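Peer 1:
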Amino acid sequence: MIAFWILAPIMVLAALGILFVRKAVHAALLLAVVMISLAVLYASLDAPFLFAVQIIVYTGAILMLFLFVLMLVGVDASDSVVETIRGQRILAIGAGVLLGTGLVVGLGQISLGTAVGLDDANAPGNIQALADILFSRYVFAFETTSALLITAAVGAMVLAHRERLTPKARQPELAAQRVKDYAEKGTHIGPLPPPGVYARHNAVDTPALLPDGTAAPTSVSRVLIARGTIRSAPATADAIDEIEKQIGWAPHSGGSGAATPPATTDEEAPAAGDGA
Amino acid sequence: MYAFHEAGGIPVVDPSAADGVFGLLWLVIALPLAGAAVLLIGGRFTDRWGHLLGTALPIGSFAISVALFVSLLGRDDDKRQIGQHLYTWFETGHLDVGMDLLYDPLSALFLLLITGVGSLIHVYSIGYMAHDPRRRRFFGYLNLFVAAMLMLVLSENYLGLFLGWEGVGLASYLLIGFWQHKPTAAAAAKKAFVINRVGDMGLSLAIMLFFITFGSTSFTVISAGAGEASSTTVTILGLLLLLGACGKSAQFPLQAWLLDAMEGPTPVSALIHAATMVTAGVYLIVRSNFIFDLAPHAQTAVVVVAVISIFWGAWIGSSKDDIKKALAGSTMSQIGYMMLAAGLGVAGYAFAIFHLLTHGFFKANMFLGAGSVMHGMDDDVDMRHYGMVRKAMPVTYLTFGMGYLAIIGFPGFSGFWSKDKIIETALADNWLVGLCALLGAGVTGFYMTRLMLMTFFTDKRWEKGVHPHESPSVMTVPLMVLAALSVLGGVFLIGDWIVDFLAPVVGTPEHEDPPIPALAVTVLAVLVVAVGVAVAWLLVGRRDVPREAPQDVSFATRAGRNELYGNLINDTLVVNPGKHLTTALLATDKYAVDGVLTGGPVAVGALAGVARRVQNGYVRSYALSILLGAILVAAVLLAVNLR
Amino acid sequence: MNIQAYVVLSAILFTIGCVGVLTRRNAIVVFMCVELMLNASNLALVAFAKQHGNLDGQIAAFFVMVVAAAEVVVGLAIIMTIFRTRRSASVDDASLLKY
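Residue numbers (our numbering), protein chains in the order written: chain A, 1 to 276; chain B, 277 to 919; chain C, 920 to 1018.
#1: Indicate whether L932(C) and L957(C) have their beta-carbon atoms separated by less than 8 angstroms.
#2: In terms of DSSP beta bridges, what is N945(C) paired with?
#3: Is any beta-carbon of chain C found at less than 8 angstroms from that of T84(A)?
#4: When you compare the segment 479-496 of chain B with the segment 426-438 of chain B, are there three or more beta-carbon pairs, one atom per stretch, that lie closer than 8 angstroms?
#5: Starting from L378(B), trace the beta strand (DSSP E) in both directions and tell me its first and last residue.
#6: Going by the beta-carbon positions, is the gap between F981(C) and L50(A) smaller than 8 angstroms?
#7: Against chain C, does R89(A) count as a neighbour if the rule is that its beta carbon must be under 8 angstroms from one of theirs?
#8: Given L840(B), which residues of its chain have a CB within under 7 angstroms of its CB, disregarding the five upstream and five downstream residues?
#9: Would you say K1017(C) faces chain A, with C-beta separation under 8 angstroms as the test?
#10: Answer yes or no: do V314(B) and I340(B) have a C-beta to C-beta separation smaller than 8 angstroms?
#11: What does the alpha-carbon distance come out to for the pair N846(B) and V781(B)?
#12: Let's test the definition: count the other Cβ atoms within 10 Å of the Cβ of Q310(A) and tell me whether it reaches 16, buried, or not, exposed.
#13: Under 8 angstroms between C-beta atoms, does V983(C) make it to chain B?
#14: Does the segment 440-453 of chain B come close enough to the segment 414-431 of chain B to have 3 or more Cβ pairs within less than 8 angstroms?
#15: If you count every other CB in all the chains shown that lies within 10 Å of the CB of I6(A), and 16 or more means buried, which is it?
#16: Any idea if A668(B) is buried or exposed, counting beta-carbon neighbours within 10 angstroms, 16 or more meaning buried?
#17: Using a Cβ distance threshold of 8 angstroms, determine whether the segment 288-298 of chain B contacts the segment 308-322 of chain B, with at least three qualifying pairs required.
#18: Just to make sure I have the definition right: I need the residues of chain A whose C-beta is within less than 8 angstroms of the C-beta of I902(B). Which are they?
#19: On the premise that L941(C) lies in contact with Q88(A), defined as a C-beta separation below 8 angstroms, what is that separation, rounded to the nearest angstrom?
#20: Buried or exposed: H635(B), going by 16 or more other Cβ atoms within 10 Å of its Cβ?
#21: Considering only the alpha carbon of each residue, which of A812(B), D655(B) and V583(B) lies closest to W738(B)?
#22: The segment 95-118 of chain A: which residues have C-beta closer than 7 angstroms to a C-beta of chain B, in chain order?
#23: Compare the C-beta of M999(C) against all C-beta atoms of chain A and say whether one is closer than 8 angstroms.
#24: Locate the alpha helix (DSSP H) running through L118(A), then write down its first and last residues.
#25: Suppose you measure from the CA of G939(C) to the CA of M11(A); what does that come to, to the nearest Å?
#26: Please name the residue or residues paired with E367(B) in a DSSP beta bridge.
#27: Can you tell me which of the three DSSP states H661(B) falls into?
#28: Residues of chain C with a CB under 8 angstroms from the CB of M11(A): which are they?
#29: Among P572(B), L715(B) and I548(B), which has the Cα closest to the Cα of I586(B)?
#30: Thinking C-alpha only, which one of A92(A), V53(A) and I85(A) is nearest D1012(C)?
#31: Tell me where the alpha helix (DSSP H) around M312(B) begins and ends.
#32: Report yes if the CB atom of L674(B) is closer than 8 angstroms to the CB atom of F643(B), and no otherwise.
#33: With a 10 Å radius around its C-beta and 16 neighbouring C-beta atoms as the bar for buried, classify M717(B) as buried or exposed.
#34: Using only the alpha-carbon positions, how far apart do F733(B) and V821(B) sit?
#35: Which runs of the alpha helix (DSSP H) fall wholly inside the segment 708-746 of chain B and span at least 4 residues, in chain order?
#36: Are the Cβ atoms of A129(A) and L1015(C) separated by less than 8 angstroms?
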């Protein structure tokens, strides 16, 4: 029972966390906490087989599937916790409170008495006992489950499959398309510029600078721009200045000018920021 | 001499079986009926020769009619009623109606008139309708009309008569609206049909009453049993028959349709709305003489209606500028004379039929003449645009002149004999009625002279580009024949032949000395007519006729131009209240009845319109409702278990 | 040993899962909440197996896991398909089937 009293609050808190966290990834992680705790509770309830299955199937397979789909779907506005259906949240919470109270009060009213315990049932070993029942009394359900799983697998494949309507573009076609785009729309024909490479800073989230000192938007990933997590060269320069000040080293006093990027003037800082 | 009713001198209908040439009686009807069937069912396959077939068949009927007539003349007076049983029409309960034909002197004269004049008008129509793309259909309708009219006069029972009665109504409707592309023609056809229904209602009620009273609709049974019926019943029957006659014969107060009916082609106006169909009312009254002789009140009603109609029609005829409408007013007035004679009872029946025949000749003649003039004047009907047509169309002028002299009663012409006899009889019966008839003759002289002067004399007032020319001979030959008949129609009266001839049907009038000598009446009538002609000559012949109708005219003229406000009266008394009633009924149906019926569904629909908002498409909302439902079920279970 | 506390925990987790399904908009998170509810019921099943001294509860929990796995596979495939066509993983955006 000690495990229960330790894990129960954790589980409830984690479950409540699922309701409130904004990001789906966090929700998935909190769900993992609940599931692993649950696996421990299974073990404490004399169900070692389910303990293993819970860890392997639920936490290992199903939750991984969730994370995989999350990766595919990405981040969007549905993550927002702002309610859009009028009255839905209040009613949902009201109904939840009602249900929870009803269940807890109802369960509080009944006295279950002392548990019989699974010592007898698990006498040949839990897994052997389960197999005994599964392949005798529940064999039909077990076989039906196989049909269910096959159906689900086929269904998932059918749903995920996308018919190709046009022939796949190969390298010659892609090259032709690039030239065509250049001819018609003036799109840059060469490879995209690499991110900014500076003497003291070098990362994919820093845009390269064009000869006129503005940031090149194509040099950083579109996703990073959308998330707003890129750094601008002037900001980097400010940070460097701050560090230099702290370490008491003055670059202009005698150091090489190459240490300072070309676009550190205050006038051009906003333009670089806009580009980012 | 022949079978009389015990009660009075009313002859009963007691036909003998048809034999010899009379076996052909059914063919008289069957020929034009077959023509109508072939022309109307055959469709455009008969376009090329349809008018020839349509003309040949009535001529065939005419030939048979003449043969029958000659055979009839060869028989004794008491054997001149021939019945032919074709088949049992229907038999239901106590009502046993046979398709029986009755050929007697009355039918014989009508047969000659219908097939004779009808054939002439068919011939005329070949020319008149030559350029109409639907000529074949026109002849089909005309044949249908002839067949129905023959059925009307040949039937031995009222139901068969009613069949023909409705048949001519249908044909009349189809032919008035023949140029259905003209809204006025379509409206006129509808109007004629509707007003005729009022009269038909009277006739059908009379037939039902006949069945209730006598257990049959056969002339034979009714004429034999008429004496036993109560006088009230007989009077009601007489009034109902009068209502039917008023509708069909355009008598007051059901006269309004006749003038509009002139929208139809002119041969139709001549055949249906002058010579034959409109006289069916007179036929009905004369045929029902065994009823009217027993119902003096009904006879009085007939006389009153007739006198009003004489002046009503004459008034309209005096003021209309439309040549066909002026003639239509005249028709109404002349039928008033026939009705007057028929209303005078035994003394007048024969003269009613006599005037009907002569009128059939001269009015058909004049209508066809008017059609000929219109044909030459590019279908213009306004007499103010005529004038001096006699030079351009001499044959039409001469034949029309014959008709004119006949209708005003110029001594020696057919109208002179027939109208003079009616005035004479009316004077003998009641001096006031007689005086009215006399005055009517004077007005007739006035309006016919006016029409004659405005059309054939006075100065040319033709529209630009109109060059009147004489019509082709296929049109003028019927005119000549009819003109000859108009002149010679008086021969029927030689030695009171027609009175004797019709006596087996309508009875022999008691011979009483007239209060005024017959010769004096004749002279008086001629003088009155002369005054009418003179007035017309003073007012129209001596002055210039304006091309546009003057507007600053007396009330009398204005009223006459507006057909004495007959349409206004109808609209005010019947049409508008009817419209209001239907509007009210419609509103009741739409809002009250439908409201109750559709209110429920509408309420459910409105509720659903609100409730459907629940289906907002959001999965989470649905899940919430599932959860709430689950909670409810759980709560109920708990409540039940914890109780 | 009393399993009542396990059952109460199971009820609480289930309720939290319920509310999560009703309030979260990201389809994947909604799915996770469904899994949470399944796990909560599994806990109750295993606890009652102990209470009654037979293994039927554990077998049931085992089947629930199998079915949940199948469900997740198909459900995530559906989410992927919707995302592919509508560029959104929000359950509220898939609301075309309505009045």
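Yeah, the Cβ is synthetic: ideal placement off N, Cα and C, and Gly gets one too.
Note that the structure is a prediction, hence the values are computed from the model and not measured.
Peer 2: According to the data block:
#1: With a cutoff of 8 angstroms on beta-carbon distance, L932(C) and L957(C) are scored as not near each other.
#2: Answer is S1009(C).
#3: Chain C, which has a Cβ nearer than 8 angstroms to the Cβ of T84(A), makes this yes.
#4: Contact between the segment 479-496 of chain B and the segment 426-438 of chain B is present, with at least three C-beta pairs closer than 8 angstroms.
#5: L371 to Y379 is the span of the beta strand (DSSP E), which, as asked, contains L378(B).
#6: Between F981(C) and L50(A), the gap from beta carbon to beta carbon is short of 8 angstroms.
#7: By this cut-off, R89(A) is an interface position.
#8: Here the set comprises W588, W591 and I592.
#9: So no, K1017(C) is outside the interface.
#10: Against a cut-off of 8 angstroms, the Cβ pair of I340(B) and V314(B) comes out as no contact.
#11: Straight-line Cα distance between these residues: approximately 37 angstroms.
#12: Here chain A comprises residues numbered 1 to 276, so residue 310(A) is not present and cannot be evaluated.
#13: So, not an interface residue.
#14: Counting Cβ pairs under 8 angstroms, three or more are found: they touch.
#15: Answer is exposed; the Cβ neighbour count stays below 16.
#16: So A668(B) counts as buried.
#17: Verdict: no, contact absent.
#18: None at all; the shortest Cβ gap to chain A is about 10 angstroms.
#19: At roughly 7 angstroms, the Cβ-Cβ gap stays under 8 angstroms, so Q88(A) and L941(C) are in contact.
#20: Under this definition H635(B) is a buried residue.
#21: Among A812(B), D655(B) and V583(B), the Cα nearest to that of W738(B) is on D655(B).
#22: Against chain B - using a Cβ distance shorter than 7 angstroms - the residues of the segment 95-118 of chain A are A95, L98, L99, G102 and G106.
#23: So, interface residue.
#24: Taken as a continuous stretch (DSSP letters only), L118(A) belongs to no alpha helix (DSSP H), as it is neither H nor E.
#25: G939(C) and M11(A): Cα-Cα distance of roughly 15 angstroms.
#26: Listed as beta-bridge partners of E367(B) by DSSP are D372(B).
#27: H661(B) carries a helical assignment under DSSP once its states are collapsed to helix, strand and coil.
#28: Neighbours of M11(A) on chain C, chain order: L928 and L932.
#29: Taking the Cα of I586(B) as reference, the smallest distance to any Cα among P572(B), L715(B) and I548(B) is reached at L715(B).
#30: Considering only alpha carbons, the answer is I85(A).
#31: With the sequence shown as reference, residue 312(B) is identified as Ala, and Met is not the correct amino acid for it. Counting along the chain, A312(B) sits inside the alpha helix (DSSP H) bounded by residues L301 to G318.
#32: Result no, Cβ atoms of L674(B) and F643(B) do not sit closer than 8 angstroms.
#33: The sequence shown places Ala at residue 717(B), rather than the Met named in the question. Taking every protein chain shown into account, the CB of A717(B) has 16 or more other CB atoms within 10 angstroms, so this residue is buried.
#34: Going from the Cα of F733(B) to the Cα of V821(B) covers about 11 angstroms.
#35: Listed in chain order, nothing qualifies, since the segment 708-746 of chain B has no complete alpha helix (DSSP H) run of 4 or more residues.
#36: Cβ atoms of A129(A) and L1015(C): not closer than 8 angstroms.
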